[in-house]
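Student: In my numbering, the protein residues as written are 502 to 1316. All C-beta atoms in this analysis are idealised placements derived from N, C-alpha and C, irrespective of residue type, glycine included.
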Amino acid sequence: MKISLNWLKDYADFDADPDEIARAVTFLGFEVEGIERTGAPALAHVVVGEVRARDRHPNADKLSVCQVDIGPAGGVKTIVCGAQNYAVGDRVPVALPGAVLPGNFEIKQSKIRGQLSDGMMCSAKELGMGDDHSGLLILPGRPELGAPINAVLPAGDVVFDIEVTPNRPDCLCHLGIARELAAWFGLDLRYPAVPAIPPQAEPISPTVLQGVAVQAPDDCPLYSAHVVTGVKIGPSPEWLQSRLRSAGLRPINNVVDVGNYVMLEYGQPLHAFDARSLAGSRIVVRHARDGEKITTLDGKERTLSPSMLVIADEARPVVIAGIMGGAQSGVLEDTTQLVIEGAIFRPQSVRATSRRLGLASDSSYRYERGVDPHLTLEAVRRALDLIVQTAGGQIARGGFVAGGDVPWRREIVVATAFINDRLGFALSDAEIKDALESLELKIQHEVPLERGVSLTVAIPSWRDDLDRPIDLVEEVLRLHGTDQIPAAPVVAPGLAAPDDPVVEFNRRAMAYLVGHDLHECVNLTLRPAAEIGAWISAAAVQELAVSNPFVEDNSHLRPTLIPGLLDTLKLNQSRGVPSAALAETGRIFVEHNGSVLECTAAAFILPEDAERSWLRRGAPDFYTAKAHTTALAALAGVDLARQPLSLAAVHLPGWQEGHAVVAGDIAHGWSARFGLLSLARVRAAGVSGRVYAGIFAVLPQKLAAEPERPRYRELSLFPPALRDLALVVDRSAAAGAVQKQLLQAARAAAGSAFTVEKVEVFDVYEGQGLPESKKSLAFSLVFRASDRTLTDAEVNAAFARIQDDIQKTGATIRK
């Protein structure tokens, strides 16, 4: 929002330095993104001169030697000039020797191609007034010769580029910012003089407008239409054009410019129709019909839906309510009769329509945030008065108003003691009341209390953001100044509690993955619908849809991290980094039996190593993905090695059938998938090569218990005792299950005498010498004591017991 200092001075006598005003705006709670100074800077030795003669330079075809009169005090100067846009008799700015122009350009008496030049005639750019350097600045109105140029040129302005927070739509106008600054500097605020509609005006002709009907009062609680006849469309006066340019708007004509001016003054958008464009002389505020079309002022045809509010005549829509007018209803050069619209539209309706059409405007920006309904008719009267001043004409008596001001009465009761307690320092009751009333928060009642007084504060309609006592604490502090908070020691309890388990898991998971040379990624939580259907299911598309997405490609909650990582991999490959291994932690949302479960997840992708290097690392494979996924599960307290694993089948989209494994069920707390990604899905994502991946997801409540911490155990200095054992088991038996049984038997046999350090599979055999339904699993067992060297006798005794116990499980010992 661009705010002109000259414009602000219409409402209060601001005399502070622009930097001090910018500081005040910042302390009031807004951000000043930039300050632009317009107009000519202070220029010494630059005066008004008149070209008395112009001759060709004897030594240069494109230069002229001019005789320039700068008044009685300076006489006639000889000046060489290269511009072509002036003539004898024109009055122009003349920089004399000793002048210093913007850019630290010093003017001296000099020779140009052998011809003495006693100064320089200047363009607008050379005076620091803009970018136009195509020719000299021709001064209008024939100002006095020799007059200082700063006395002739229009006064400069200071424009503040202010970022207004969404909760303060009242400050999306000059009057709102002036109200804030007047309170800060303790100045009286002057509101614009808005006359009533003249009573002697002629009534509205039935051929122009017969009535207004609002068929959607919830979306349009107030609509007004007034007619102005006999207007003459033309350029706006210079003061009006200057105000609009300072705010970043291009002047168009006197009527359109008045509408924009009032919007920038009051924050109330208005719209002007050419009365000839209305079919049937009737305005109807209604919802659009399905498939109805309108060509807007930007020249684009737009298709409407029944959820969108339009302003229509009896034949077609002429305005998309609160956003933009139709091309056929615009004000033209030959327009003589106007219909001026002022209305209030429900913010949610304007916001939804703007996003669905992809159409935004200065009007929609304000309506989406909320416009004060109690200033609408005043803004309309202000616009009518300015139109008559700038375009002539007469305001017809009997304008139409449908609906009315929304009843407004809001009061907040707050004690001065409550305010001081929340501030952390003491202000007097008078200081508190002065701060509130300077913002036009009127004190309705005061009730004495044991500490201070209780205040009943009336909240004006433009401050819809104030509804609690704590809000008034903030207002008092804003006006007092956060820089005035007295220094005091900070007293705060120490936070001894650990971080949330989800944060801890994400931190540990990413530390593990980065430690294994993977690169951390952060992708959007929202993904496109087509991706959800391809990777998960059609049911997930329905359940994970966002009600009101900002853009089509970010319309659904993500159910997995893998597609986002593939997008990042595609970007890496396109930049010549084909072998980047990537990882991410974050939230995912899983559809389960018609409900959505929010999970925390850690995932990674391992592309085939396409790097050309004399020192190549081993290519990632299924077991690499398994190892990483198992480690991630362990960080959440899940021992994946002890869980049943199954090959992913066709019903698991995104993963290669027969080359990926799924474990767990998210409905019971966690799930894991790892292996080779579907080659078709990888190609569809624009990634080349084979890609292995893994993802572990867990419900946040399952992370509440702190995982078992590894504890230090002193290393034994004594040697281990090794034994090998081959078992014949059913071919369908899982090696992990047999290993678990053998470990239990070994620990029972060793008891407390010594420890079983390790039980590992080192060989699997099927074939000759064994039945077809059997296989042989060979295990290596490692025993150790911490205080002595084990003897053969005690190890053999334990090993014999192990063999006896394991045979009771159905396994046989292979000799």
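For the beta strand (DSSP E) containing H981, name the first residue and the last one.
Tutor: Here the question's residue 981 lines up with position 480 in the sequence shown. Per DSSP, H981 is not a residue of any beta strand (DSSP E); the alpha helix (DSSP H) it occupies stretches across 970-981.
Student: Nearest-angstrom Cα distance between A1150 and R1248?
Tutor: Position 649 of the sequence shown holds residue 1150. Position 747 of the sequence shown holds residue 1248. Model confidence at A1150 stands at a pLDDT of 44, short of 50, so the residue's coordinates are unreliable and nothing is read from them.
Student: Just the C-alpha distance for R614 and A584, rounded to the nearest angstrom, thanks.
Tutor: Along the sequence shown, read from residue 1 onward, the residue named residue 614 stands at position 113. Along the sequence shown, read from residue 1 onward, the residue named residue 584 stands at position 83. Distance between the alpha carbons of R614 and A584: 16 Å.
Student: Closest to L765 by CA distance: which of R867, Q1304, S1075, E521 is it?
Tutor: The residue labelled residue 765 in the question sits at position 264 within the sequence shown. Ranking R867, Q1304, S1075, E521 by Cα distance to L765 puts R867 first.
Student: Do you know how far the Cα of I1033 is from the Cα of D1306?
Tutor: In the sequence shown, counting from the first residue as 1, residue 1306 sits at position 805. In the sequence shown, counting from the first residue as 1, residue 1033 sits at position 532. Approximately 51 Å, taken between the alpha carbons.
Student: According to DSSP, is G1311 part of a helix, a strand, or is it coil?
Tutor: Counting from 1 along the sequence shown, the entry for residue 1311 is found at position 810. Of the three classes helix, strand and coil, the one that applies to G1311 here is coil, per DSSP.
Student: Hey, quick one: how far does the alpha helix (DSSP H) through E1267 stretch, first residue to last?
Tutor: As a first step, residue 1267 is located in the sequence shown; it is residue number 766 there, counting from the start. Per DSSP, E1267 belongs to no alpha helix (DSSP H) and is neither H nor E.
Student: Using DSSP with H/G/I as helix, E/B as strand and the rest coil, what is V1151?
Tutor: Position 650 of the sequence shown holds residue 1151. Residue confidence for V1151 is low, a pLDDT of 42 falling below 50, so the modelled location carries little weight; the figure read from the coordinates is stated next. Three-state DSSP puts V1151 in coil, outside helix and strand.
Student: For T1292, tell me which candidate among S618, F1255, I1303 has the shortest Cα-Cα distance.
Tutor: For the purposes of this step, residue 1292 is taken as residue 791 along the sequence shown, with counting starting at 1. Of S618, F1255, I1303, the residue nearest in Cα terms is F1255.
Student: Taking 7 Å as the threshold (C-beta atoms), are L673 and G768 in contact?
Tutor: Taking the sequence shown and counting its residues from 1, the one referred to as residue 768 is at position 267. Taking the sequence shown and counting its residues from 1, the one referred to as residue 673 is at position 172. It is a contact, given that the beta carbons lie within the stated cut-off.
Student: DSSP beta-bridge partners for Y724?
Tutor: Taking the first residue of the sequence shown as position 1, residue 724 is located at position 223. Its beta-bridge partners are A844, A903.
Student: Measure the CB-CB distance between V577 and Q568 and report whether it falls below 7 Å.
Tutor: On the sequence shown, residue 577 is found 76 positions in, with the first residue counted as 1. On the sequence shown, residue 568 is found 67 positions in, with the first residue counted as 1. Result yes, Cβ atoms of V577 and Q568 sit closer than 7 Å.
Student: Could you tell me which of F1105, I522, V872 sits nearest to R669, measuring between CA atoms?
Tutor: As a working note, residue 669 is residue 168 in the sequence shown. Taking only the C-alpha atoms, the option nearest R669 is V872.
Student: From this set, H558, N651, D632, P559, which residue's C-alpha is nearest V593's C-alpha?
Tutor: Reading the sequence shown from its first residue, position 92 is the one you call residue 593. Here the closest residue by C-alpha is N651.
Student: Name the two residues that bound the continuous beta strand (DSSP E) containing T539.
Tutor: Counting from 1 along the sequence shown, the entry for residue 539 is found at position 38. Looking at the DSSP string, T539 is not in any beta strand (DSSP E), and its letter there is neither H nor E.
Student: For G540 and D658, what's the separation of their Cα atoms in angstroms?
Tutor: Stepping through the sequence shown from its first residue, residue 540 is reached at position 39. Stepping through the sequence shown from its first residue, residue 658 is reached at position 157. Those two C-alpha atoms are separated by around 6 Å.
Student: When the Cβ atoms of the stretch 637-652 are set against those of the stretch 561-575, are three or more pairs found closer than 8 Å?
Tutor: yes
Student: For I841, count the other beta carbons within 10 Å of its own beta carbon; 16 or more makes it buried, fewer makes it exposed. Which is it?
Tutor: On the sequence shown, position 340 is the one that residue 841 refers to. When all chains shown are included, I841 counts as buried.
Student: Can you tell me which of the three DSSP states Y1193 falls into?
Tutor: Stepping through the sequence shown from its first residue, residue 1193 is reached at position 692. Strand, per DSSP.
Student: Using three-state DSSP, classify A1132 as helix, strand or coil.
Tutor: In the sequence shown, counting from the first residue as 1, residue 1132 sits at position 631. In this structure, A1132 counts as helix in the three-state DSSP scheme.
Student: Taking Cβ to Cβ, would you say K1276 is nearer than 7 Å to R1315?
Tutor: Mapped onto the sequence shown, residue 1276 falls at position 775. Mapped onto the sequence shown, residue 1315 falls at position 814. The answer is no: Cβ separation not under 7 Å.
Student: Give the single residue among E938, S939, A918 whose Cα lies nearest to the Cα of S929.
Tutor: Numbered from its first residue, the sequence shown carries residue 929 at position 428. Of E938, S939, A918, the residue nearest in Cα terms is A918.
Student: Take the Cβ of L1058 as the centre, count every other Cβ of all protein chains shown within 10 Å, and call the residue buried at 16 or more, exposed below.
Tutor: For this step, residue 1058 is matched to residue 557 along the sequence shown. Per the 10 Å Cβ criterion, buried.
Student: State the CB to CB distance for the pair G982 and F528, rounded to an integer number of angstroms; the pair is presumed to be in contact (CB under 8 Å).
Tutor: Numbered from 1 along the sequence shown, position 481 holds the residue referred to as residue 982. Numbered from 1 along the sequence shown, position 27 holds the residue referred to as residue 528. About 6 Å separates the two Cβ atoms, so the contact holds.
Student: For P704, collect the residues of the same chain with a Cβ closer than 7 Å to its Cβ; drop the 5 residues on either side in sequence, then sort them by chain order.
Tutor: Taking the sequence shown and counting its residues from 1, one reaches residue 704 at position 203. Hits under 7 Å: A897, R898, G899.
Student: Where does Q1308 land, buried or exposed, given buried means 16+ other C-beta within 10 angstroms?
Tutor: Residue numbering aside, residue 1308 sits at position 807 when the sequence shown is read from its first letter. Classification for Q1308: exposed.
Student: Please report the straight-line C-alpha distance between L1136 and H1020, rounded to a whole angstrom.
Tutor: The residue you call residue 1136 lines up with position 635 of the sequence shown. The residue you call residue 1020 lines up with position 519 of the sequence shown. Counting only the Cα atoms, H1020 lies some 19 Å from L1136.
Student: Starting from the Cα of A517, find the closest Cα among G620, P641, W685 and give me that residue.
Tutor: On the sequence shown, position 16 is the one that residue 517 refers to. Ranking the options by Cα distance to A517, first place goes to W685.
Student: Is L839 helix, strand or coil when you go by DSSP?
Tutor: Indexing the sequence shown from 1 puts residue 839 at position 338. The answer is strand: DSSP assigns L839 an E or B state.
Student: Per DSSP, S1253 is paired with what?
Tutor: Position 752 of the sequence shown holds residue 1253. According to DSSP, S1253 bridges with nothing at all.
Student: When you compare each of A1286, L1243, A1102 to A1301 by their alpha carbons, which one comes out closest?
Tutor: Locating residue 1301 in the sequence shown gives position 800, where the first residue counts as 1. That would be L1243, whose Cα lies nearest to the Cα of A1301.
Student: Is it right to say A1084 is buried, meaning 16 or more other beta carbons lie within 10 angstroms of its own, or is it exposed?
Tutor: The residue given as residue 1084 occupies position 583 in the sequence shown. It is buried - the Cβ of A1084 has at least 16 other Cβ atoms within 10 Å.
Student: In this structure, does DSSP put K1241 in helix, strand or coil?
Tutor: As a working mapping, residue 1241 is identified with position 740 in the sequence shown. Helix at K1241.
Student: Assign A1222 to one of three DSSP states: helix, strand, or coil.
Tutor: One-based indexing of the sequence shown puts residue 1222 at position 721. If DSSP states are grouped into helix, strand and coil, A1222 belongs with the strands.
Student: Are V660 and E537 close, meaning C-beta to C-beta below 7 Å?
Tutor: As a working mapping, residue 660 is identified with position 159 in the sequence shown. As a working mapping, residue 537 is identified with position 36 in the sequence shown. Yes, the Cβ-Cβ distance between V660 and E537 is below 7 Å.
Student: State buried or exposed for D1264, treating a residue as buried only when at least 16 other CB atoms are found within 10 Å of its CB.
Tutor: For this step, residue 1264 is matched to residue 763 along the sequence shown. With fewer than 16 other Cβ atoms within 10 Å, it is exposed.
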